[in-house]
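K.L.:
FYI, the numbering for the sequence shown is 637 to 804, going by my numbering. No residue lacks a Cβ here, since even glycine has one placed at the ideal position from N, Cα and C. In this text the structure is predicted, and so the values were computed from the model without any measurement.
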Amino acid sequence: MLDSIITSKTRLRLLVKFFINAANEGHLRGLANEFNESTNAIRKELNNLSDAGYLEKENVSNKIRYRANKSHPLFLPLQNIVRKYLGLDTIVEEVLGRMGNVRQIVLIGDYANGIDTGKIEVVVVGDNLDNSYLENLAIKIEKIINREVLFASSNKEIEQGLIVFGRT
C-alpha cells in the first residue's frame with residue numbers, strides 16, 4: 637500500500653524507523669549499516685526528510701543524530717500511516733475483539749526499533765488470556781498484513797517495547 641505511493645525503499649524504511657516509535661533515532665553510518673545500504677543513499681533521504689521538517693537533526697560527538705520531529709503538524713498522521721502500513725491497527729482490533737481483559741498490547745523486537753524485518757513480535761498482557769486463540773489469530777493476521785506475527789502472553793505489565801494499546 638504505502639510502498640506504491642513512496643517508491644523509494646530507503647525513504648520508506650526511514651519513515652518506518654523514525655515514525656513507528658518516536659523514541660527511535662539514528663545517525664548516517666549506523667542507518668547505512670542497519671539497512672545494508674550506501675551512506676550516499678541514506679544521506680540523500682535523510683536530507684530530504686530533514687529539509688521537509690519531518691526529521692530533526694542534532695550534532696552529537698561529531699555525528700549528526702536524526703529523529704522524528706514530534707512537533708511537525710504531520711507527525712501523528714504519518715505515525716498512524718506507518719502503523720497501518722505495518723498492520724498494527726489490525727492486530728490491536730483483532731486482539732481486543734475477543735481476548736477479554738487485555739491491559740496492554742506491546743510491540744517488541746525489531747519493529748519496536750523501527751526495523752522492517754517481516755516478523756512482528758507482540759506481547760498481550762492481561763488475565764486469563766486464551767493462548768490457543770492467539771496462535772490461530774497469528775495465522776489469520778499474517779494473511780491480512782503479509783508479515784509473520786508472533787504472539788506471547790503475560791499477566792505482568794511490560795516496561796520495554798512499544799505500547800500500541802494500554803489500559804489502566
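1. How about Glu730 and Leu773: do their beta carbons lie closer than 8 Å?
2. Which residues bound the beta strand (DSSP E) around Arg734?
3. Using C-beta distances below 6 Å, list every residue in its chain close to Ala704, excluding the 5 sequence neighbours before and after it, in chain order.
4. By DSSP's criteria, Leu691 is part of a beta bridge. Which residues make up the other side?
5. Count the other CB atoms within 10 Å of the CB of Thr643; is the residue buried (16 or more) or exposed (fewer)?
6. Using DSSP with H/G/I as helix, E/B as strand and the rest coil, what is Ser790?
7. Quick one: is Leu710 buried, meaning 16 or more other Cβ sit within 10 Å of its Cβ, or exposed?
8. Is DSSP giving Gln740 helix, strand or coil here?
9. The beta strand (DSSP E) spanning Glu757 covers which residue range?
10. Can you find the residues in the same chain that come closer than 7 Å, C-beta to C-beta, to Val718, ignoring five residues on each side of it along the sequence?
11. Measure from the alpha carbon of Ser789 to the alpha carbon of each residue in Arg739, His663, Asp725 and Tyr702, then state which is nearest.
12. Alpha carbon to alpha carbon, how far is Leu786 from Leu682? Give it in angstroms, no decimals.
13. Who are Phe801's beta bridge partners in DSSP?
14. Could you give the uninterrupted runs of the alpha helix (DSSP H) lying entirely in the region 639 to 676, keeping only those of 4 residues or more?
15. From Ile678 to Asp766, what distance separates their C-alpha atoms?
P.N.:
On the basis of the data shown:
1. yes
2. Segment Leu724 to Arg734 is the alpha helix (DSSP H) holding Arg734; no beta strand (DSSP E) there.
3. Phe654, Phe655 and Ala658
4. Ala704
5. exposed
6. strand
7. exposed
8. strand
9. Lys755 to Gly762
10. Leu651, Val652, Phe655 and Ile656
11. Arg739
12. 31 Å
13. Ile741
14. 645 to 655 and 664 to 671
15. 43 Å
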